[in-house]
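Per the numbering used here: the sequence shown = residues 137 to 328.
Ideal Cβ positions, reconstructed from N, Cα and C, are used throughout, including at glycine.
Read the structure below first, then the notes.
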Amino acid sequence: MGVVDPKRIGIMGHSWGGFDTTYLATHTANFFAAAVAGAPITDLVSNYGNHHWSSGIAETDHIETGQQRMEVPLYEDLQAYIRNSAVFGVAGMTTPLLIEVGDSDGTVFFHQGVELYNIARRARKDVVLIEYAGEDHGLSKKANQIDYQRRIFQWFGHYLKDEPAQAWITNGETYLEHERELKQRKAASAKD
Numbered sequence: 137m138g139v140v141d142p143k144r145i146g147i148m149g150h151s152w153g154g155f156d157t158t159y160l161a162t163h164t165a166n167f168f169a170a171a172v173a174g175a176p177i178t179d180l181v182s183n184y185g186n187h188h189w190s191s192g193i194a195e196t197d198h199i200e201t202g203q204q205r206m207e208v209p210l211y212e213d214l215q216a217y218i219r220n221s222a223v224f225g226v227a228g229m230t231t232p233l234l235i236e237v238g239d240s241d242g243t244v245f246f247h248q249g250v251e252l253y254n255i256a257r258r259a260r261k262d263v264v265l266i267e268y269a270g271e272d273h274g275l276s277k278k279a280n281q282i283d284y285q286r287r288i289f290q291w292f293g294h295y296l297k298d299e300p301a302q303a304w305i306t307n308g309e310t311y312l313e314h315e316r317e318l319k320q321r322k323a324a325s326a327k328d
């Protein structure tokens, strides 16, 4: 049909959509050219005993009968939980993955994203983590919203449209460098 180039398909999701995105990025070799996952659940085993920090509601019911629909407790079918977790599929990961987390996320413990990032980096996979200080499950600070959107466009621009990679994609940047850049942008936008 010529409408979609199968080598330039990206995927993006947030929260449970982030779970889906990280799962597909780690379990479907050479299907997606790039992926972006915000506030993702990446390890059903480590997440099973957690709770929503903002409400205190346990994840057990949410995972068994809610959006995940695992249907049985972790201790009755551990292998199903492992099969359905992105962190256990890293070895076969071929999709470049951008992960966004807020370090004050009250819904999905932000270490879920950090866990996948660290495991994928150890496996030498193409993965970048952006951690926003003081942000909850969704970004509320305007400067962070703008920064994240800019990075999404740059990420997909590089991997889907062959645009040159920005330094943060290829070289990374420290948390302090990122904070300094956000402060500079915030000061510049306040002048406008």
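Straight-line Cα distance separating residue j from residue i
i	j	result
R287	Q302	9 angstroms
G371	V237	The structure shown does not extend to residue 371, since the chain spans only 137 to 328, so no value can be given for it.
H187	T201	15 angstroms
G146	E299	15 angstroms
Y268	L275	8 angstroms
Q248	N254	10 angstroms
S191	I199	16 angstroms
V263	V208	32 angstroms
W291	I282	14 angstroms
N307	H294	14 angstroms
L180	I305	28 angstroms
G185	F289	35 angstroms
A194	T157	23 angstroms
Q285	M229	24 angstroms
V250	L265	7 angstroms
R316	G138	44 angstroms
L233	A165	13 angstroms
A256	F246	16 angstroms
A326	K319	11 angstroms
K261	A323	35 angstroms
P142	M148	16 angstroms
L252	T178	6 angstroms
Residue i - DSSP class collapsed to helix/strand/coil
i	result
H187	strand
V140	coil
V250	helix
E299	coil
H150	strand
L275	coil
I266	strand
K261	coil
F167	coil
I255	helix
F155	helix
T162	helix
Nonlocal neighbours in the same chain, by C-beta distance under 6 angstroms from residue i, ignoring five residues either side
i	result
G225	T162, H163
W152	Q203
L210	Y184, Y217
G154	A173, G174, A175, P176
A259	V226
Same chain, Cβ closer than 8 angstroms to residue i, neighbours up to 5 away in sequence not counted
i	result
Y159	N220, S221, A222, G225
M206	L180, I199, E200, D213, A216, Y217, N220
R321	A279, I282, D283
Nonlocal neighbours in the same chain, by C-beta distance under 7 angstroms from residue i, ignoring five residues either side
i	result
D241	A175, D272, H273
L296	R144, G146, A169, A170
K277	E271
R231	The identity of residue 231 in the sequence shown is Thr, whereas the question assumes Arg. Only A161, F168, A170, A171 meet the Cβ criterion.
L150	A small fix is needed here, since residue 150 is His in this sequence, not Leu. Hits under 7 angstroms: G174, A175.
Handout entry: Inter-stretch contact (C-beta, 8 angstroms, three-pair minimum) for the segment 229-249 and the segment 172-188
Key = Contact between the segment 229-249 and the segment 172-188 is present, with at least three C-beta pairs closer than 8 angstroms.
Problem - Unbroken stretches of the beta strand (DSSP E), 3 residues or longer, contained in the segment 169-237 - result: For the segment 169-237, whole beta strand (DSSP E) runs of length 3 or above, ordered along the chain, are 170-174.
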